[in-house]
Amino acid sequence: MAIKNERIGPVEAVSLAVVFIAAKIYLTFPALMVSLGLSAAWMVVLLAVLISLPAFLPVAVLMDKYPGKSIIEIGEELVGPYLNTVFVLGYLAFLLAVESMVLRQFAERILMVSIPDLPISMAMSGMVLGTVMACFFGLEAIARSTRISSVFIGILLVLVLVATSPYWSLNNLAPIWGPGLAEVMGSGIMKLSLTSEIFLLAIIYPSINSKGTWNMWKLGSHSLIIAGLILVTTVITFMLTFPVMVAREISLPTFEMARLIYFGPFVQRLEPVFIPMWALAALLKLTIGMYAMLSLLTGLLKLPYYRPLILPLAIIIISVAFIPPNVTTAVMIDEGIIRTWGWVPTFGLPVILLAVSIWRRKETDSGGKKTS
Amino acid sequence: MSFELKDTTKQNVNTGKDAGEQRNAPPDRAGDHGVEVPEGQRHPKRSRGRSRGIRKPVPVGSGEGNGKEEKKESPGENEEPVVNPGEQKISGELDRDVDYLKRVFHFPKNKDVVFREFSIGIDNPVRAIVIFIDGMTNKAVQNDSVLQPLMLLSRLRIDTSKGSPQDMVRERLLPGNQVEIFGEMHAVIDGVLNGDTAVLIDGAHRALVVETKGWEHRNVDKPEVEMVVRGPHEAFNETFRVNTALIRKGFHSPDLVTEILKVGNKDRINCGIMYLEGVVNPELVKEAKRRISLLETDYVGTGGILEQFIEDRTYALAPQVLSTERPDRVINHIIEGKVAVLAEGSPHVLVFPMNIFGMLQTAEDAYIRWPYGSLLRMLRLVGVFLATFLPGIYVAVNAYHHEMIPTDLLMAFAGAREQVPFPTIVEVLIMEIAFELIREAGIRIPGVIGPTLGIVGALILGQAAVAAKIVSPILIVIVAVTAIGSFVIPNYTLSLSIRAIRFVYIILGGLWGFFGIILGFFIHLHHLSSLKSFGIPFLSPLGSNSGGGDVIWRKPVWQQEERPGFVAPLRNKKQPPLSRRWIKRDKGDNLNGN
Amino acid sequence: MVRKLLKLQILILALLFIPGCWGYQEVDESAFILALGVDKGRENRLNLTAQIAVPKNIAGGGGEGGGAGGGGAKSTMIVSVEAPTILAGLELLGSFVERHPSLRHTKAIVFSSELAREDMGRYLAPIVRYRQFRRNTFILISRGKARDLVENTQPIMEDNPAKYIELLVGTSKYTGRFPISSQVHSFYNAAKSQAREPVAILAAVGGDRQEDQVGDDKSAGGYLAGEIPREGGNKIDLMGTAVFRGGRMVGELTGDETTVMEMINGKFYEGIFSVPDPRVPGKYILLEVQGERKPTVQISLEGKVPVIDVEVPLDAEFLSIQSNISYEQPGAIGEVEDAFARLLQEDTAVLIRKTQEEFRADIFGFGEEARKKFLTWPQWEQYKWLEVFPLAQVNVEYKINIRRIGLLRESSPVRES
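Residue numbers (my numbering), protein chains in the order written: chain Z, 2 to 373; chain X, -19 to 574; chain G, 7 to 423.
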């Protein structure tokens, strides 16, 4: 558990979760979706988001049963320290995978488009350095910066999406069902893990100053809906701009969209203006992820504060990030493994915990005493 | 609108450390604990003399017991050991007391202090002595209100049978408008040092201190750095009482409270805290008093140094208290529920808690009509942005992001650069440093032409540099725009910090292009987000609180009903929802209501 | 504690800077290629011609020797290499061009029609992967050698050839005689699509061609690039379209046909047409036509062949009536509208015939409309629209509305003396 004194408001928590989930639009995500769902890619995303809402429900119920506790403490109470360690390691594994793959991809991509000659190690160290220093400032600073930046990022995103409208063609969305209705449904369900970063809320729930009106479900559902909206809108706009065959080839969809903007001889070549948007989103996602991992670690190891862990964790993340030999493998890991199986630790384990909790409660209720 | 003044345990440490550091050399990072503040002395509970407040005199003599006052920094005190005045009481024997005081003031070496002995003119003449510091007292008042009545007119009034001599004297003879009676030596000494006149009477266990302050000071003048077009043109000056009066006359309310504290070890200057009782959060006042009274240092000369002593984080890149020389701004902030600190000898008043937007506002925004204030503020934001990022972006674009510039402009850049021998980052650094030099020099050029000459000189210098093909002409434009952008920042300290940070961004832009600038911005943003100014986040109300309709976009004056939430005032509303009651017309009128 | 670690990190960071910075390239260390020409090579597969900007002449040379032509400093430098691929050619430039070639500001890429007929897609499509290459570069197909075209991009009115190219390509907005969207983006999208075929602008070096048939009343757009009877000015003509099937060029369209194509595509903005006067042969009525709304396309896939109905709404304005007959009257306006529609139908018939029989390419994008009728992608792929299209029955109807009449409200004849 992190520093106990830190408190953030519900709006800030929602913005943290939204940025954490939605930052993937700046990677290859839209193109991968088009590969999967062809002209119905947006439906796949929409489906995944919609399914994640009921998938999140057990998490919300679980957290609300034990207010003020983080998922580690709850797990410990319910299943005992040893099994809980396994659970926490599962969460950690998920987060570590996400962090390092995101780091690797962002470093490779963003520097590929803006500063091609920078060695990859410099790029990654630079990003990690920024992340480390931001983590030092604490959760409140992170939350506040996220809230401020998310407005800025949001505006730029809307600009990019709207400014490509001269190239839009609604016909790109035909045929409607893409590869076929059944396939679309299947892919949508499979891609549930797209939003599994919502698990962040379970980790930082104790630090959220909710004042009663914002319970976990409200926080989570708001975040999921907003993030889902961003994901779906980006994919739709991407598909409107590029026909299916072309879209699935593209490495960096949002970059290419920004590049296309052309309103005459002066208003063109605007993509460096959007680099801040990507870089900020990437850095924020990395920072939030790192903070989440630190929270888990200090909770697991019962440490009073987390700051000494920042540097070692950073080194671990960089090392893992270097494991894939090239960026395609990194994307494959991200897409294939994380996004297919990521729901297991983030949605599955809390279900188990909830089941245990209900079973326990039934037991103690029948025993006449109420232990909580 | 919740507000928590966090227990500033963390900041506490810094305050102690900073005070310790300030003691010796100039602030030296390498030696965090260069000065050994004696353990247990970190936060001694010392009273700093009695307050002169109208309402709340702090009881005198409280908190004694730290006779182990650090007298080690007293070079030249190799005569008699001086007794700690904190404990000395007035004995009643005039000679003994006078001797003691002469020793304390290093009389007769110290020619500033005057001991004027005389006799009170009654039937049994009583010896008395008047002590004051030459130059700090108003001689006319002294002669008229102290010496003359005691020496000449006493015969008419005194009746020693009723009550103690000093009471008699005070009640009947001394027409000064502030006369106080004290029994301890340190009060007498403090009074004399403040410019009052102390009267010791033979046989009396108490001394009288008459208010006779009057020293040469500047008149109330126009503001030096905060000019407005429409609005009052008065500024604070160096005299404490003049400043408090300027604030008081702008806001007539008995709830406006001034508490006076004394700061410092050897130089115990007056320091006044003003706030609006009933509106301000009492935690805030408590914290302010706590920080000021727990300072241990020799010299807290002016407001600037005081600011550095009480701010939350010294190493932060932005100031955390507002320092202004306009009474109207201070009044506005006090009404909103903030606290103002006036220091003797400083024409700048500190206001806190402050957020970054407060630093970007000027008094004028309030005095001009509705949209213009907001537009001017946005303009200032653009100026801040330009001043910080423009040179960095120029370097980044020239070095890495050629595709960003339209082709025409690119050709112009490239053509201009053909003849310049330096890479972009070097020429930017050269020009920026040269410009800073000129600016600094411009402050010292005498007369009115100083700043103007600075800017013009800079541009001419730039022109010459272009002709000599040292820099490209586009760069001159960039540097000039950057400088102008930094001039629109109303707060001097903030503009200094922006000027410093600009160089970091230039280097980051040169190394890593846009990405470097964003990285720097990311860290900078987090740093600012974590700053707190007296318990409120520095970036309020961007975080979660309400700003009261006056942050960037100003609502019309009659719509600003709430005080900013982040100050956590006790009373939120300062205007009812309908403040322009003239809008409602009676039923008989059928003109268009306006 | 926080500060100490911060200091440590800054130290580490500073150490990492010791090797220097990477990729720092000043603007005056790059050779900006403004136009790239690709030809078939003699010794190697491709002949690349690059027009490299000379910034100091563009920037500073405005005052001196601009119009003198001969003695003045040239604003660009033309170089050519032979190489197996485009990017290899760029690298080869490094041997004799002292600056690092950069495609970041390439405004136009020109392929010779010879090369285009072979297989342009092979060279163009993969280059999209290259970071410096932008998808809104214009594609021009040169009827002669691309090299000639690039060499002759010497603007007279502008300092900057890039601006010249952009402006020149932009004139299609108000003439409509060559395709409007001929950027790599649209070409590439169409080349990979199964619903339409790509087109590109046709260009050639012209200006001193002698017109073979003298005195023939040819409409102003009835030429291909390079055949326009003109003299003086810039050397390059843009007129007409190059039609592709996939990545291979299969034919050319004249300016008029291009205009009609754009109308059907819905990309026609405005243009001036000379309509033969219905009552007085030999005289013309000039109309300024604007494509206000998009055409509606209806496709029916029911029968053996698809039936495509297109309705193109156009707004027009009288510019001049040579015969001075009062066509502004409501009754007479209809005559002009019909005459104009007939004129357009002639060109349309030629166009449809060409695209269906000669080229067998659906350059109108009807396929995208047709695709809406399918529910799943595999179904669409099976239908193979591009093969079916040549058999389709295409009916185009023009709805012309002459709305405004200019400054004269009625015409009266000029006295014949």
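Built from N, CA and C at the ideal position, the CB exists for glycine as well.
Nothing here was measured: the structure is a model prediction, and the numbers come from that model.
Open item on the list: Just to confirm my understanding: we take residue 172 of chain G, look at its own chain, exclude 5 residues before and 5 after, and list those with CB closer than 7 Å. What are they?
Closed with: Non-local C-beta neighbours of residue 172 of chain G in its own chain, meaning closer than 7 Å and more than five positions away in sequence, comprise 113, ordered along the chain.
TODO: On the DSSP bridge assignment, give the partners of residue 295 of chain G in chain order.
DONE: Within the DSSP bridge table, the entry for residue 295 of chain G names G:277 and G:322 as partners.
Open item on the list: Could you check whether residue 209 of chain G and residue 162 of chain G sit closer than 9 Å to each other, using their CB atoms as the reference points?
Closed with: If you check the CB distance, residue 162 of chain G and residue 209 of chain G do not come in under 9 Å.
Task: Euclidean distance between Cα positions of residue 301 of chain G and residue 40 of chain Z - done: The straight-line gap from Cα to Cα measures roughly 24 Å.
Open item on the list: By alpha-carbon positions, which one of G:102, G:125 and G:31 ends up nearest to residue 51 of chain G?
Closed with: The closest CA to that of residue 51 of chain G, considering only G:102, G:125 and G:31, is found on G:125.
Task: 6 Å Cβ shell around residue 52 of chain X - same chain, five flanking residues per side excluded - done: Interpretation of residue 52 of chain X is limited by its pLDDT of 32, a score under 50 that renders its predicted location unreliable; the figure taken from the coordinates is listed afterwards. Excluding residues within five positions, none has a Cβ falling inside 6 Å.
Open item on the list: Measuring straight from C-alpha to C-alpha, what distance separates residue 303 of chain Z and residue 318 of chain Z?
Closed with: A straight line joining the alpha-carbon of residue 303 of chain Z with that of residue 318 of chain Z spans about 21 Å.
- [ ] Consider the Cβ of residue 509 of chain X: report whether some Cβ of chain Z lies at a distance smaller than 9 Å.
- [x] At least one chain Z Cβ lies under 9 Å of residue 509 of chain X.
TODO: Check the Cβ of residue 338 of chain X against every Cβ in chain G and list those closer than 7 Å, keeping chain order.
DONE: Against chain G, a Cβ distance below 7 Å from residue 338 of chain X picks out nothing, because the smallest value is about 26 Å.
TODO: Tell me, please, whether the CB atom of residue 191 of chain G is closer than 9 Å to any CB atom in chain X?
DONE: At a cut-off of 9 Å, the C-beta of residue 191 of chain G has no neighbouring C-beta in chain X.
TODO: Work out the CA separation of residue 110 of chain X and residue 13 of chain G for me, nearest whole Å.
DONE: When rounded, the distance between both Cα atoms is 59 Å.
Open item on the list: Using C-beta distances below 6 Å, list every residue in its chain close to residue 334 of chain X, excluding the 5 sequence neighbours before and after it, in chain order.
Closed with: So the qualifying residues of the chain are 301, 302 and 513.
Task: Ranges of the alpha helix (DSSP H) found wholly within the region 320 to 354 of chain X, counting only runs of at least 4 - done: Listed in chain order, the alpha helix (DSSP H) elements of length 4 or more contained wholly in the region 320 to 354 of chain X are 336 to 339 and 344 to 347.
Open item on the list: Tell me the residue span of the beta strand (DSSP E) that contains residue 106 of chain G.
Closed with: Per DSSP, residue 106 of chain G belongs to the beta strand (DSSP E) from 106 to 108.
Open item on the list: So, at 7 Å on beta carbons, what are the nonlocal neighbours of residue 500 of chain X in its own chain, with the 5 sequence-adjacent residues on each side left out?
Closed with: Counting only residues of its own chain and dropping the five nearest sequence neighbours on each side, residue 500 of chain X has a CB closer than 7 Å to the CB of 484, 485 and 488.
- [ ] Answer yes or no: do residue 339 of chain Z and residue 194 of chain Z have a C-beta to C-beta separation smaller than 9 Å?
- [x] For residue 339 of chain Z and residue 194 of chain Z, yes; Cβs fall inside 9 Å.
Task: Burial state of residue 432 of chain X (16 or more Cβ within 10 Å) - done: The Cβ neighbour count for residue 432 of chain X, taken over all protein chains shown within 10 Å, is under 16; the residue is labelled exposed.
Open item on the list: Which same chain residues end up closer than 7 Å to residue 133 of chain Z when comparing Cβ atoms and leaving out the 5 residues on each side of it in sequence?
Closed with: If you ignore the 5 residues before and after residue 133 of chain Z, its C-beta comes within less than 7 Å of the C-beta of 311, 312 and 315, all in its own chain and listed in chain order.
Open item on the list: Residues in the same chain with beta-carbon distance under 8 Å from residue 52 of chain Z, minus the five sequence neighbours each way, listed in chain order, please.
Closed with: The beta carbon of residue 52 of chain Z is closer than 8 Å to those of 189, 190 and 193 in its chain, skipping five residues each way along the sequence.
Open item on the list: Please classify residue 34 of chain X as buried or exposed, where buried requires at least 16 neighbouring CB atoms within 10 angstroms.
Closed with: Note that residue 34 of chain X has pLDDT 32, beneath the 50 cutoff, so the model's placement of it is unreliable and the number below is only indicative. Residue 34 of chain X should be labelled exposed.
Task: N-terminal and C-terminal residue of the alpha helix (DSSP H) that residue 92 of chain Z is part of - done: Run containing residue 92 of chain Z: 72 to 115, per the alpha helix (DSSP H) assignment.
Open item on the list: Assuming residue 92 of chain Z and residue 277 of chain Z are in contact, meaning their beta carbons sit under 8 Å apart, how far apart are those beta carbons, in whole angstroms?
Closed with: Contact doesn't hold; Cβ gap of about 31 Å is too wide.
- [ ] Take the Cβ of residue 85 of chain Z as the centre, count every other Cβ of all protein chains shown within 10 Å, and call the residue buried at 16 or more, exposed below.
- [x] If you draw a 10 Å sphere on the C-beta of residue 85 of chain Z, you find 16 or more other C-beta atoms in it, and that means buried.
Task: Buried/exposed call for residue 236 of chain Z, threshold 16 Cβ in 10 Å - done: Counting every other CB atom within 10 Å of its CB across the protein chains shown gives residue 236 of chain Z a total of 16 or more, marking it as buried.
Open item on the list: What does DSSP give as the partner residue(s) for residue 251 of chain X in the beta ladder?
Closed with: DSSP, once it has assigned bridges, lists X:241 and X:323 as partnering residue 251 of chain X.
Task: Under 7 Å from the C-beta of residue 33 of chain G: neighbouring residues of chain X - done: Close to residue 33 of chain G, with beta-carbon spacing below 7 Å, are these residues of chain X in chain order: 378, 382, 390, 393, 394 and 397.
Task: Best match in G:141, G:86 and G:91 for proximity to residue 102 of chain G [C-alpha to C-alpha] - done: Cα-wise, what sits closest to residue 102 of chain G is G:86.
TODO: May I ask you to verify whether the region 393 to 404 of chain G touches the region 315 to 324 of chain G, counting CB pairs closer than 8 Å and requiring at least 3?
DONE: The way I'd put it, the region 393 to 404 of chain G does touch the region 315 to 324 of chain G; three or more beta-carbon pairs between them come closer than 8 Å.
Open item on the list: Do residue 260 of chain Z and residue 249 of chain Z count as a contact pair if the criterion is CB distance below 9 Å?
Closed with: In this structure, residue 260 of chain Z does not lie closer than 9 Å to residue 249 of chain Z by Cβ.
Open item on the list: With the cut-off set at 9 Å, would you say residue 247 of chain G and residue 263 of chain G are in Cβ contact?
Closed with: Residue 263 of chain G sits close to residue 247 of chain G, with the two beta carbons spaced by under 9 Å.
TODO: Report back the beta-carbon spacing between residue 227 of chain X and residue 324 of chain X to the nearest angstrom; my notes put them in contact at under 8 Å.
DONE: Actually they do not touch by this definition, with Cβ atoms about 15 Å apart.
- [ ] Check whether the Cβ of residue 256 of chain Z lies closer than 9 Å to any Cβ atom in chain X.
- [x] Output row for residue 256 of chain Z: interface = no.
- [ ] Report the residue from X:462, X:392 and X:405 whose alpha carbon sits nearest the alpha carbon of residue 165 of chain G.
- [x] When X:462, X:392 and X:405 are compared, the shortest CA-CA separation from residue 165 of chain G is found for X:392.
Open item on the list: Does chain Z have any CB closer than 9 Å to the CB of residue 514 of chain X?
Closed with: Not closer than 9 Å to any Cβ of chain Z, the Cβ of residue 514 of chain X fails to qualify, so no.
Open item on the list: Taking its Cβ as the centre, do 16 or more other Cβ atoms sit within 10 Å of residue 183 of chain G, making it buried, or is it exposed?
Closed with: Buried, because 16 or more other Cβ atoms sit within 10 Å of the Cβ of residue 183 of chain G.
Open item on the list: One question on the structure: do residue 310 of chain X and residue 254 of chain X come within less than 9 Å of each other, judged by their Cβ atoms?
Closed with: Yes, Cβ-Cβ distance for residue 310 of chain X and residue 254 of chain X is below 9 Å.
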